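The listed protein sequences correspond, in order, to chains V and G.
What the first sequence shows, in the numbering used here, is residues 9 to 141, in sequence order.
What the second sequence shows, in the numbering used here, is residues 9 to 141, in sequence order.
In this text, a Cβ means the ideal position worked out from N, Cα and C, and glycines have one as well.
None of the values given here were measured: they were computed from a predicted structure.
There are 2 protein chains.
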Amino acid sequence: MFTVDPKDPTPLYAQLERAIRTAIATGKLEPGTRLPTVRQLAVDLHVNANTVARVYAALERTDVVETQRGVGTFVRTTPSPAAVTANRERELERAISRFIPEVSALGFSLSDVITYLQRRIKQEKEVHADHKR
Amino acid sequence: MFTVDPKDPTPLYAQLERAIRTAIATGKLEPGTRLPTVRQLAVDLHVNANTVARVYAALERTDVVETQRGVGTFVRTTPSPAAVTANRERELERAISRFIPEVSALGFSLSDVITYLQRRIKQEKEVHADHKR
DNA sequence: ACCATTGTACTATTGTTATAGTACAATGGT
DNA sequence: ACCATTGTACTATAACAATAGTACAATGGT
């Protein structure tokens, strides 16, 4: 379902949190979907249960998922209220401003990046189409 | 010269090593080029000198740079063009993977982001036009 | 009412990351 | 010969990451 790489120096909890957020952001996980249990995901990823629990707790705190004891953890239907603030756009500008030098250091132009992002969107749609079959 | 982000959970040494390897791989740093001194780079990046030294040592071990005591650290090899493009694309994917959850946390879709990036491209062109005057 | 399942909350331990500080070793310029 | 500069090699310390293990709390199905 998700993957983490123990050889990557990035902390496991950070890799997993990023993976889940991305899956939700790109629509791979639709609102209402139930995530694997803490213990099950720990087994699948060969990771400690505490690490998974920590990630779920972080996602819960930021309103990305909703957890019900004894039931499970679910993708939230609505984007977090915290995200819907007045300075959203300013934050986006900041995020982009940090992102651009990063990719331009790799020798990519903004047009290149747009092409890649559009490819991602296409991949999303294909996944959706698969689900409908 | 390089950048590291202390807010990124990725270890500083890993960020820096990746940045330097990428700079070399993309030709931003040609063979023979001298890297900043351990102490200077530490000051520039607001990072401990030990951390920089550790990175230089790692690059030395893998024959990416050559160090001469009292002189400096120099870029050694240029990888094959195939390796360059492979690394470039991999790093771009990484950068995008870090970027997506960041902007989606702000409630923006990939399409929104593309719109903003296209706006940036327009702004760039305007700046270019200004320079020509 | 029972109980398996789920998330949560601890303790304890080990290894990693980053820091500050100090000292030494080799080189090149003066 | 001197000495500033450079990389290297420690020590010590603090914070963080990941693990194992145990126990508890809430839920839903039987």
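For the 9 Å CB-CB criterion, residue 63 of chain G and residue 47 of chain G do not form a contact. With a threshold of 9 Å between beta carbons, residue 108 of chain G makes contact with chain V. Sequence-distant Cβ neighbours of residue 43 of chain V in its own chain, meaning closer than 6 Å and more than five residues away, are 81.
Of all alpha-carbon atoms in V/37, V/129, V/106, the one lying nearest the alpha-carbon of residue 117 of chain G is that of V/129. In the structure shown, residue 92 of chain G falls within a helical segment according to DSSP collapsed to helix, strand and coil. Here residue 76 of chain G is exposed: its Cβ has fewer than 16 other Cβ atoms, across all protein chains shown, within 10 Å. Collapsing the DSSP output to three states places residue 12 of chain G in coil. With a threshold of 9 Å between beta carbons, residue 76 of chain G makes no contact with chain V.
In the DSSP annotation of this structure, the continuous segment of the beta strand (DSSP E) that includes residue 74 of chain V starts and ends at 73–76. One finds 18, 19, 22 in chain G with Cβ atoms closer than 7 Å to the Cβ of residue 17 of chain V, taken in chain order. Residue-level contact by beta carbon holds for residue 104 of chain G and chain V, with a gap shorter than 9 Å.
Using beta-carbon distances, residue 34 of chain G counts as an interface residue toward chain V, with a partner under 9 Å. Among the residues of chain G, those whose CB is under 7 Å from the CB of residue 124 of chain V are 100, 104, following chain order.
Going by C-alpha positions, residue 107 of chain G is about 27 Å away from residue 136 of chain G. Nearest Cα to residue 92 of chain G within the set V/84, V/85, V/114: V/114. Three or more beta-carbon pairs separated by less than 8 Å link the segment 120–134 of chain G to the segment 95–104 of chain V, which places the two stretches in contact. Around residue 114 of chain G, the beta-carbon contacts reaching into chain V at under 8 Å are 91, 96, 99, 100, 103.
Among the CB atoms of chain V, one or more fall inside 9 Å of the CB of residue 132 of chain G.
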